[in-house]
Amino acid sequence: MRVSDSHNLSSQTTGPVQADARRKQKYDNIGYLFILPVVVFFCLFFIYPLGYTIRLSFYEWTGFSNDMTFVGLRNLHDVFSNWVFWTAAKNTILYAIVQTSLQTALGLILALVLDSRLLGREMFKVLFFTPVLVSIAVVSLLWGRIFEPNFGLLNGLLTKIGLGVLARPWLGDSQVALFAVISVSVWQGFGYSMVLFLAGLQNVLEDLKEAAKIDGASDLGVIWHITLPLLRPVIALVATLTLIGALKVFEIIYVMTSGGPNHATETISSLLYYEAFRFNHMGIASAIAVVLLIGTMAMSILQRRVMERESEI
Amino acid sequence: MSVNRSIRISRRSFLSGTLLAFAGTALAACAPAAQPTVQPTAATAAPTAAAATAPTAAPTTAVEPTAATESTASAAGSTSLSPDALKAAKGKQKVVWWSWTPQKNDSIMKVLPGITRMYPDLEIDLERRNIEWGQYPQMVKTALAAGNAPDIIDIYEAAVSTMDLAAGGQLVDLAPYLEMDTEWKKGLLPSALKSDSWNGGSHYFTLPLSVNNVMVWYNKSLFEKAGVQVPTTLDELKAAAKALRAQKIQPLVFGVSDQWQAGDMFLTLAAQIAGDKLRAADMRQAKWTDDSLVATMKAFKDLLDSGILADGISGISSTDAGNLYMAEKAAMMLNGSWALSGLDQWPAGLFDHTGVFLFPKVKEGATPVAVGDYSQNGGLWVNSKALAPALAMYRFLSLDKEAQAIWLPLGEIPVIPWDTSTVKDPVMKAFVDAQPNAFTRMIYDSQANAALLAGIQGLCEGKVTPEEVMDTTEKSARQGELPFLKD
Chain G
1 MRVSDSHNLS
11 SQTTGPVQAD
21 ARRKQKYDNI
31 GYLFILPVVV
41 FFCLFFIYPL
51 GYTIRLSFYE
61 WTGFSNDMTF
71 VGLRNLHDVF
81 SNWVFWTAAK
91 NTILYAIVQT
101 SLQTALGLIL
111 ALVLDSRLLG
121 REMFKVLFFT
131 PVLVSIAVVS
141 LLWGRIFEPN
151 FGLLNGLLTK
161 IGLGVLARPW
171 LGDSQVALFA
181 VISVSVWQGF
191 GYSMVLFLAG
201 LQNVLEDLKE
211 AAKIDGASDL
221 GVIWHITLPL
231 LRPVIALVAT
241 LTLIGALKVF
251 EIIYVMTSGG
261 PNHATETISS
271 LLYYEAFRFN
281 HMGIASAIAV
291 VLLIGTMAMS
301 ILQRRVMERE
311 SEI
Chain H
1001 MSVNRSIRIS
1011 RRSFLSGTLL
1021 AFAGTALAAC
1031 APAAQPTVQP
1041 TAATAAPTAA
1051 AATAPTAAPT
1061 TAVEPTAATE
1071 STASAAGSTS
1081 LSPDALKAAK
1091 GKQKVVWWSW
1101 TPQKNDSIMK
1111 VLPGITRMYP
1121 DLEIDLERRN
1131 IEWGQYPQMV
1141 KTALAAGNAP
1151 DIIDIYEAAV
1161 STMDLAAGGQ
1171 LVDLAPYLEM
1181 DTEWKKGLLP
1191 SALKSDSWNG
1201 GSHYFTLPLS
1211 VNNVMVWYNK
1221 SLFEKAGVQV
1231 PTTLDELKAA
1241 AKALRAQKIQ
1251 PLVFGVSDQW
1261 QAGDMFLTLA
1271 AQIAGDKLRA
1281 ADMRQAKWTD
1291 DSLVATMKAF
1301 KDLLDSGILA
1311 DGISGISSTD
1321 AGNLYMAEKA
1331 AMMLNGSWAL
1341 SGLDQWPAGL
1351 FDHTGVFLFP
1361 KVKEGATPVA
1371 VGDYSQNGGL
1381 WVNSKALAPA
1391 LAMYRFLSLD
1401 KEAQAIWLPL
1411 GEIPVIPWDT
1421 STVKDPVMKA
1431 FVDAQPNAFT
1441 RMIYDSQANA
1451 ALLAGIQGLC
1461 EGKVTPEEVM
1471 DTTEKSARQG
1481 ELPFLKD
């Protein structure tokens, strides 16, 4: 049926049109061939592990023996009935909200400042971007020393300027430990946000700003009414990327606090790590991974929706 | 005709195909693994009694041992290893040994040819593979899952724990062999062997080649400056702490933020207060809420309340603690003999006025002891094809005096009785002297250990009580008896 259809079609088309269609089809096929390796790679190293993780979440497995026992939803039940999980979930959400807000705001403000004719702005760009280039382990160790209660730089500085009453074991006090770690994350990440905003600012036409100024807008008015609305897609991108990174935060927690004191800085990812690689509970760890995946996807979608709705308004 | 023969792929069909491929891959991932899994026996087809009950609040799997793990573990114990089998190992034998301590490599390789003193016809072709410690757990677990593990697996208790490997039937139970080879068993220091013994010595899944222990290091100059002597009782320690604080010197320091040294402090106190109850709780033969263990945690709190511990202890890591001691801002630190291998980092002259002492007596009738455990410690993989030569090599390395002499320069202690008059350094000598009476510095249950250490952090902050710490530890501990402790 299809052959005869094609035959009829070919009999109705003229020579040059048919040749063009053939050329286009050949071109498309080559294109598909080029992306095939990526598709295969994606299937093997993303889809397969993802499916395997979902499967594992229904099993009990140590990760090294051949004994895998199907336990149904018990892993999920164990996860949800564990107080440490809820502490980690609360910390992760707080971490994501605070880091995303601060890092996006700080990156945006600095980008706006450095987009002006400020003296030495190129030097500042390099300076602010430098922490991004340093490994998280190094940053964590460095700040660990700064936060040390007895000879750390921060407490020393506070004492020197007469604010010794504020000195405390920053990473050993559950009231402030999470915020201390977030501040390090923001310190390391704001340069990256700033660079993305600087790139976005290149697309904001000078003509529009000048027209607004001619109409009597102040500098702040130009930023508020012209620059920020045009930067909205970049703000959405930066916020989404930061949020996803923050929801998965692990390395900095692992090096700086190991989730302590008494789980005060535990995040979903650090809990997942300990379940998988310290306690050898691969099933429970997989269940946590599935929960984290769903949570990350839901928050990303929600954030995109909110940003899109705002841009429509 | 040519049009009919050409393969036409529209965007729609390509996307459909891709989607199908994704779905197929995901389905393949969900399919049963190629490795044989446990057949649905009565023990595994349905959740066990323990699993069926409501789980505790803590992250436990709460699963009773399955028939499979029991059978594997017992199979491990019934290998044909015997002293005669070791003697029968002749010629050049290949042994693969995975480790995460590269600094020991040269020393081991150097003494290994001496194996002919014990087994004249045996030559070991040793492949000692050193893996960076961060990668080690995953390498070992992957190799075990793939059925391609080394003959000797070094234990890295934080992630490749003896308990998990033994419960999974991956290690040979050496107890039956040691029953036959009394020369080996009696040749080792009982305190060294104790860390590796399960259920009072009815199982040995690993054996130590070297051990270490933890004592209080102190700065003699700062003690002199504050006019204090080495304390022998808790009251003397409190008085010393007060005198040191008067000189603006922090008294005792150890790491709490990275947990493990805080665990050493707890174990040091438990050695005097709880004794064998600690190991019993670890083996699930007693509760972590036992009076003696709660009393131990109360003694820890007393250290905090009486100003013995450095300010801001909850935010101090083990590295910070070492730095405080090296900067001579703290007069005492709780640390192990292994710190002797890092003296090149110390300020010049500091070690000359450093000494060590046993943590003081905390109650009447108690005996101060060091807490110690294995340092170099390995087990035989149950499916090893070179069990006899591997064990022969291990026996040589643990019993031969020349082979044991390699550990002292590395800051580790031999596992055989040692003439301490030959140890020149007084600090090392004190550690070696303390070893025969050392209390086991080990909590095998990683879940209980994690809960205990997190709880100690909360205690140091003043956020939880000793009773709450022990209660959480009990709830977090592995549920049910270990499979290999049933026999």
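Quick note, the sequences are listed as chains G and H, same order.
Last residue of the first sequence? That's 313 in this note's numbering, and every number before it is there in order.
Last residue of the second sequence? That's 1487 in this note's numbering, and every number before it is there in order.
Glycine included, C-beta positions come from ideal geometry on N, C-alpha and C.
Cutting at 6 Å between CB atoms, please list the residues of its own chain near residue i, excluding the five before and the five after it.
i: H/Ser-1398; result: Leu-1209 and Val-1415
i: H/Val-1195; result: Residue 1195 of chain H is actually Ser in this sequence, not Val. Answer for H/Ser-1195: Asp-1373, Tyr-1374, Thr-1440 and Met-1442, listed in chain order.
i: H/Pro-1389; result: Ala-1089, Gln-1093 and Val-1095
i: G/Ser-174; result: Pro-261 and Ala-264
i: H/Thr-1037; result: Residue confidence for H/Thr-1037 is low, a pLDDT of 34 falling below 50, so the modelled location carries little weight and cannot support an answer.
i: G/Leu-231; result: Gly-200
i: H/Lys-1298; result: Pro-1466
i: H/Leu-1453; result: Gln-1259 and Gly-1263
Quick one: what's residue i bridged to in DSSP?
i: G/Thr-318; result: Chain G is shown only over 1 to 313; residue 318 of chain G falls outside these bounds and no answer can be derived.
i: H/Leu-1334; result: H/Val-1216
i: H/Lys-1361; result: H/Thr-1233
i: G/Tyr-59; result: G/Phe-70
i: H/Lys-1514; result: Within the shown structure, residues of chain H are numbered from 1001 to 1487, placing residue 1514 of chain H beyond reach of any answer.
i: H/His-1353; result: H/His-1353 is not bridged to any residue.
i: H/Ile-1153; result: H/Trp-1098 and H/Gly-1379
i: H/Asn-1130; result: H/Ser-1099
i: H/Trp-1198; result: H/His-1203
i: H/Gln-1250; result: H/Ala-1330
i: H/Pro-1347; result: DSSP output for H/Pro-1347 lists no bridge partner at all.
i: H/Ser-1210; result: H/Gln-1376 and H/Pro-1414
i: H/Leu-1171; result: H/Trp-1381
i: H/Val-1160; result: H/Tyr-1156
Skipping 5 residues on each side, what residues in its chain have a beta carbon closer than 7 Å to that of residue i?
i: H/Thr-1289; result: Met-1470, Asp-1471 and Glu-1474
i: G/Met-282; result: Leu-56, Trp-61, Thr-62, Gly-63 and Ala-276
i: H/Ala-1286; result: Lys-1277 and Ala-1280
i: G/Tyr-192; result: Val-132
i: G/Leu-240; result: First, the residue type needs correcting, since residue 240 of chain G is Thr and not Leu in the sequence shown. Only Ser-300, Gln-303 and Arg-304 meet the Cβ criterion.
Write down the C-beta distance between residue i and residue j rounded to the nearest angstrom, noting that I regard them as a contact closer than 8 Å.
i: H/Leu-1086; j: H/Leu-1358; result: The pair is not a contact, with the Cβ atoms about 38 Å apart (cut-off 8 Å).
i: H/Ile-1153; j: H/Met-1393; result: Not really, about 14 Å apart at Cβ, beyond 8 Å.
i: H/Ala-1477; j: H/Arg-1284; result: 7 Å
i: G/Ala-287; j: G/Leu-76; result: 5 Å
i: G/Val-238; j: G/Thr-130; result: In fact, because the Cβ distance is near 19 Å, the residues do not count as touching under 8 Å.
i: H/Gly-1315; j: G/Trp-170; result: 6 Å
i: G/Phe-124; j: G/Leu-114; result: 6 Å
i: H/Val-1214; j: H/Leu-1410; result: Not really, about 17 Å apart at Cβ, beyond 8 Å.
i: H/Asp-1173; j: H/Tyr-1204; result: 7 Å
i: H/Thr-1420; j: H/Asp-1400; result: That pair is no contact at about 19 Å.
i: H/Ala-1310; j: G/Asn-150; result: 7 Å
i: H/Glu-1461; j: G/Gly-172; result: 7 Å
Is the beta carbon of residue i within less than 7 Å of some heavy atom of the ligand FAD?
i: H/Thr-1289; result: Summarising the ligand content, the structure contains no ligands, and the ligand FAD is consequently not present.
Return the chain-ordered list of same chain residues with a C-beta closer than 8 Å to the C-beta of residue i, the five sequence neighbours on each side being excluded.
i: G/Thr-267; result: Ala-88, Asn-91, Thr-92, Tyr-95, Val-249, Phe-250, Ile-253 and Gly-259
i: H/Thr-1069; result: Reliability fails at H/Thr-1069, whose pLDDT of 37 lies under 50, so the model's placement of it is uncertain and the value that follows must be treated cautiously. Counting only Cβ-Cβ distances below 8 Å, and skipping sequence neighbours, we find Ala-1167, Gly-1168, Gly-1169 and Pro-1483.
i: H/Gly-1307; result: Lys-1238, Ala-1241, Lys-1242, Arg-1245 and Pro-1251
i: H/Ala-1034; result: Any reading at H/Ala-1034 is ruled out, since the residue's pLDDT is 42, under 50, leaving its predicted position unreliable.
Checklist entry - On the three-pair Cβ rule with 8 Å, is the segment 1436-1447 of chain H touching the segment 1366-1379 of chain H? => result yes
Next on the checklist: Check whether the segment 1289-1299 of chain H and the segment 1451-1467 of chain H are in contact - that is, three or more C-beta pairs closer than 8 Å.
Outcome noted: yes
Checklist entry - Counting Cβ pairs, one atom from each stretch, are 3 or more of them under 8 Å apart for the segment 1244-1262 of chain H and the segment 1379-1389 of chain H? => result no
Checklist entry - Does the count of Cβ pairs from the segment 193-205 of chain G and the segment 162-181 of chain G closer than 8 Å reach three? => result no
Checklist entry - Does the pairing of the segment 247-264 of chain G with the segment 129-149 of chain G give three or more beta-carbon distances under 8 Å? => result yes
Next on the checklist: For the structure I just gave you, are there three or more beta carbon pairs, one from the segment 105-120 of chain G and one from the segment 296-304 of chain G, closer than 8 Å?
Outcome noted: no
Checklist entry - Per the contact definition of three or more C-beta pairs closer than 8 Å, is the segment 1344-1357 of chain H in contact with the segment 1218-1227 of chain H? => result yes
Checklist entry - Are the segment 230-249 of chain G and the segment 84-102 of chain G touching by the rule of at least three beta carbon pairs closer than 8 Å? => result yes
Checklist entry - Counting only runs that start and end within the segment 185-237 of chain G, where is the alpha helix (DSSP H) found for 4 or more residues in a row? => result 206-214 and 219-222
Next on the checklist: With three or more beta-carbon pairs closer than 8 Å as the criterion, would you say the segment 1104-1122 of chain H touches the segment 1131-1138 of chain H?
Outcome noted: no
Checklist entry - Which full runs of the beta strand (DSSP E) of 3+ residues lie inside the segment 1252-1340 of chain H, going along the chain? => result 1330-1336
Item to check | Segments of 3+ residues assigned as beta strand (DSSP E) that fall wholly inside the segment 1365-1449 of chain H | outcome: 1371-1380
Next on the checklist: Give me the subset of the segment 1257-1268 of chain H whose CB atoms are less than 7 Å from a CB atom of chain B, sorted by chain position.
Outcome noted: The question asks about chain B, but that chain is absent: this structure's protein chains are G and H.
Checklist entry - Taking contact to mean at least 3 C-beta pairs separated by less than 8 Å, is the segment 1312-1331 of chain H in contact with the segment 1256-1270 of chain H? => result yes
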